[in-house]
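*Asks:* So for the sequence shown, this note's numbering puts the first residue at 15; every next one is plus one.
Even for Gly, the Cβ is constructed at its ideal location relative to N, Cα and C.
The model shown is predicted, which means the values in this text are computed figures rather than measured ones.
Sharing a structure here in C-alpha cells format.
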Amino acid sequence: MTDFHKAARLDFARQYVNENVAFWRRVVFSDEKTFSSSFNGPVTVFYRPNNTRFHPHYVMQRGRSGQFSINTWGWVCAEGPGALWKIEGNLDGTQYVSILENVMLPSVKILFSEDFVFLHDNSRIHTCKQAKTWFSENNVLQLTWPARSPDLNPIENIWGCMVHIHCVTINYGKQL
15 MTDFHKAARL DFARQYVNEN VAFWRRVVFS DEKTFSSSFN GPVTVFYRPN
65 NTRFHPHYVM QRGRSGQFSI NTWGWVCAEG PGALWKIEGN LDGTQYVSIL
115 ENVMLPSVKI LFSEDFVFLH DNSRIHTCKQ AKTWFSENNV LQLTWPARSP
165 DLNPIENIWG CMVHIHCVTI NYGKQL
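Take a look at the structure:
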C-alpha cells in the first residue's frame with residue numbers, strides 16, 4: 015500500500031468517524047467473488063505495474079483438471095446478507111448495470127423504503143460511464159471508498175465464511 019492509499023484511508027476515516035449507527039445501518043456493501051470447485055491453499059495477492067497483466071513474471075500457472083469456478087456479485091448490510099447473483103462470463107459495464115437494475119435495487123428496496131447508501135470498490139466496471147449514468151438516474155447515493163481497501167468492506171467477511179465452509183466440506187468429504 016502506497017502512502018497515497020494510506021492517506022486516502024485516513025481521510026475516509028476522518029470523513030465518516032462522526033457518523034452514527036443509523037447512518038451505517040443504511041449502507042449497502044457490495045462486491046464480486048469467484049468461487050472455485052477446488053481449494054489450492056491461500057490466495058496469493060500482489061500488485062503489479064500497469065500493463066503487465068500477462069508478463070510471465072506476474073502469471074501463476076495452475077492445473078485445472080475439470081475444476082470450475084463461479085463468479086458472483088452480492089451485497090450485505092447491517093441486517094445481514096442480501097442478494098447473491100451469478101455473473102455470466104466476464105463482468106462488464108452492461109451486465110453490471112443490469113445487476114444493479116434487476117437484482118440490487120429491487121432486493122435493497124425490500125429492506126430500505128427510504129434512502130440507502132451504496133458502496134462499491136471503485137473498480138473500472140463500477141465507475142464506467144454506464145454505471146455512473148445509472149447511479150445518477152436512479153438517485154443512488156454512493157459512499158466514497160478509498161482504493162485498495164477491501165479489508166474495510168464487511169462483505170469480505172461473508173466471502174471468507176463461505177470459502178471456509180467450502181474448504182471444510184471438501185476436507186470432510188476426503189475423510190469419508
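#1: For Trp87, which three-state DSSP category applies?
#2: I need the DSSP call for Trp159, collapsed to helix, strand or coil.
#3: Could you say if the segment 115–130 and the segment 33–49 meet the contact criterion of at least three C-beta pairs nearer than 8 Å?
#4: Could you work out which residue in Asn171, Cys175, Asn32 and His140 is closest to Ala161 when comparing CA atoms only?
#5: Would Trp148 and Leu105 qualify as a contact pair, given that the criterion is a beta-carbon distance under 9 Å?
#6: Please work out which residues of its chain come closer than 6 Å, Cβ to Cβ, to Pro56, disregarding the five sequence neighbours upstream and downstream, and give them in chain order.
#7: Would you kindly work out how many angstroms separate the C-alpha atoms of Ser150 and Gln109, rounded to a whole number?
#8: Sorted by chain position, which residues of the same chain lie with C-beta nearer than 6 Å to Arg4's C-beta, five sequence neighbours on each side aside?
#9: Taking all protein chains shown into account, do 16 or more other C-beta atoms lie within 10 angstroms of the C-beta of Asp45, making it buried, or fewer, making it exposed?
#10: CB Trp89 to CB Ser121, shorter than 9 Å?
#11: Please return the same chain residues whose Cβ sits closer than 8 Å to the Cβ of His69, not counting the five positions on each side in sequence.
#12: Round the Cβ separation of Cys91 and Leu125 to the nearest angstrom and send it over; I've been treating them as touching at under 8 Å.
#13: If you draw a straight line from the C-alpha of Phe49 to the C-alpha of Val31, how long is it?
#14: Just to confirm my understanding: we take Phe26, look at its own chain, exclude 5 residues before and 5 after, and list those with CB closer than 6 Å. What are they?
*Replies:* Taking the coordinates as given:
#1: The count along the sequence shown starts at 1 and reaches residue 87 at position 73. Correct three-state label for Trp87: strand.
#2: Position 145 of the sequence shown, counted from the first residue, corresponds to residue 159. Reduced to three states, the DSSP call for Trp159 is coil.
#3: yes
#4: Position 147 of the sequence shown, counting from 1, holds the residue named residue 161. Here the closest residue by C-alpha is His140.
#5: In the sequence shown, residue 148 corresponds to position 134, counting from 1. In the sequence shown, residue 105 corresponds to position 91, counting from 1. Their beta carbons are not under 9 Å apart, which means Trp148 does not touch Leu105 by this criterion.
#6: Position 42 of the sequence shown, counting from 1, holds the residue named residue 56. Caution is warranted here: a pLDDT of 48 is assigned to Pro56, below 50, making its placement in the model unreliable, and the coordinate value is therefore given only provisionally. Cβ within range, chain order: n/a, list empty.
#7: The count along the sequence shown starts at 1 and reaches residue 150 at position 136. The count along the sequence shown starts at 1 and reaches residue 109 at position 95. So the two alpha carbons sit approximately 17 Å from each other.
#8: Because the chain is modelled from 15 through 190, residue 4 falls outside the range shown and cannot be assessed.
#9: In the sequence shown, the residue the question calls residue 45 occupies position 31. So Asp45 counts as buried.
#10: Working through the sequence shown from its first residue, we reach residue 89 at position 75. Working through the sequence shown from its first residue, we reach residue 121 at position 107. Against a cut-off of 9 Å, the Cβ pair of Ser121 and Trp89 comes out as a contact.
#11: By 1-based counting over the sequence shown, the position of residue 69 is 55. Contacts found: Arg62.
#12: Mapped onto the sequence shown, residue 91 falls at position 77. Mapped onto the sequence shown, residue 125 falls at position 111. The pair is a contact, with the Cβ atoms about 7 Å apart (cut-off 8 Å).
#13: Start at 1 with the first residue of the sequence shown, and residue 49 comes out as number 35. Start at 1 with the first residue of the sequence shown, and residue 31 comes out as number 17. Roughly 34 Å separates the two Cα atoms.
#14: Counting from one through the sequence shown, the residue named residue 26 turns up at place 12. Same-chain partners within the cutoff: Pro160.
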